[in-house]
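Numbering (my numbering), first residue to last: 295 to 405.
Yeah, the Cβ is synthetic: ideal placement off N, Cα and C, and Gly gets one too.
Just so you know, these numbers come straight off a predicted model, no measurement behind them.
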């Protein structure tokens, strides 16, 4: 009986250690994502007084790349957070970041 209990305890301990390692890896990944998004916010906030239209092309491309990376990396976490139209807007921006703000608004975008 003691050996059986010890075996169960060892299995539970191994499972908890595995779960802790997975949690730590996910936490590290999310913290890196937060840092990347903070960097994107910093770039955007430097241009707060001016429009995104005046942002250097390289910055716009960097923001688009970061957005695409984070949205694909954390798609499951964003599942219930972003609406379908928000996802479409982000996808449009990622596909053509420098043209995104030049495009004429569609009927739906104007409201």
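Neighbourhood of residue i by C-beta, 6 Å cutoff - its chain only, sequence neighbours within 5 removed
{"i": "residue 316", "result": "none"}
CB of residue i within 8 Å of CB of residue j, strictly
{"i": "residue 331", "j": "residue 380", "result": "no"}
Expected contact under 8 Å - CB spacing of residue i and residue j to nearest Å
{"i": "residue 391", "j": "residue 357", "result": "7 Å"}
{"i": "residue 384", "j": "residue 361", "result": "6 Å"}
8 Å CB neighbourhood of residue i in its chain, flanking five on each side removed
{"i": "residue 367", "result": "323, 327"}
{"i": "residue 334", "result": "356, 357, 360, 361"}
CA-to-CA distance, residue j to residue i, given in whole angstroms
{"i": "residue 304", "j": "residue 312", "result": "12 Å"}
{"i": "residue 359", "j": "residue 306", "result": "41 Å"}
{"i": "residue 389", "j": "residue 314", "result": "37 Å"}
{"i": "residue 295", "j": "residue 308", "result": "20 Å"}
{"i": "residue 352", "j": "residue 300", "result": "59 Å"}
{"i": "residue 325", "j": "residue 369", "result": "16 Å"}
{"i": "residue 302", "j": "residue 374", "result": "38 Å"}
Nonlocal neighbours in the same chain, by C-beta distance under 7 Å from residue i, ignoring five residues either side
{"i": "residue 412", "result": "What the structure shows of the chain is the stretch from 295 to 405, and residue 412 is not part of that stretch, so it cannot be assessed."}
Min CB distance residue i to chain C below 8 Å
{"i": "residue 355", "result": "The structure shown has no chain C; it contains just one protein chain."}
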